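Just so it is clear: in the sequence shown, position 100 is 80 by the working numbering, and no numbers are missing.
Okay, structure first, notes after.
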Amino acid sequence: MVVTFEKKYLQELYEVGKTSDKKHRFQPAIIKKYQFCIDILKGVSGLEALYPIKSLRYEVLHGDKEGISSISVNMQYRIEFVVNNTSDDFVISVCNILELSNHYKS
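Okay, structure coming up:
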């Protein structure tokens, strides 16, 4: 799959392992697992391949987050993303890394 990033800090976290701003700081273990999760998203051929990977806890969100999917980084953080199906491939647009304590807040 093709993975794009809606926000610059999400791309920096994946490519560099840190961000240029001070607002989006994460522990090294979280960044490493985030990078691992993005690599998994890049490597799968379709969304159905995410279901057997139990540690990701893949889910399609409902309600006010209709159209957004998420996977787990760890017990505290989740990655939210939007999936667009083009004629050739799926394009995943990573839109947020969400702290689980705010999971059900908008």
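Note that CB positions come from ideal geometry on N, CA and C, so glycine has one too.
Predicted model only: the values in this text are computed from it and were never measured.
Asked: Straight-line gap, Ser73 to Cys17 (C-alpha atoms, nearest Å); Found: 13 Å
Asked: Classification of Arg58 by the beta-carbon crowding that lies within 10 angstroms, buried from 16 upward; Found: buried
Asked: Closest residue to Ser35 among Ile20, Lys(-13), Ile11, Gln7 (Cα-Cα distance); Found: Ile20
Asked: C-alpha gap between Gln88 and Lys(-12), whole angstroms; Found: The structure shown does not extend to residue 88, since the chain spans only -19 to 86, so no value can be given for it.
Asked: Leu41 vs Ile48 beta-carbon contact at 8 Å; Found: yes
Asked: Given Lys45 as reference, the closest of Ala29, Asn76, Asn65 once Cα atoms are compared; Found: Asn76
Asked: Among Val53, Asn65, Tyr(-6), nearest to Leu78 - alpha-carbon criterion; Found: Val53
Asked: Other residues of its chain near Gln15: CB distance less than 8 Å, five sequence neighbours each side excluded; Found: Leu(-7), Tyr(-6), Gly(-3)
Asked: Chain-order list of residues whose beta-carbon lies under 7 Å from that of Ser86 (same chain, five-residue window excluded); Found: The pLDDT assigned to Ser86 is 46, lower than 50, so where the model puts this residue is not dependable; a value taken from the coordinates is nonetheless given after this. Excluding positions up to five away in sequence, the list reads Asp44.
Asked: Burial state of Tyr38 (16 or more Cβ within 10 Å); Found: buried
Asked: N-terminal and C-terminal residue of the alpha helix (DSSP H) that Tyr(-11) is part of; Found: -12 to -5
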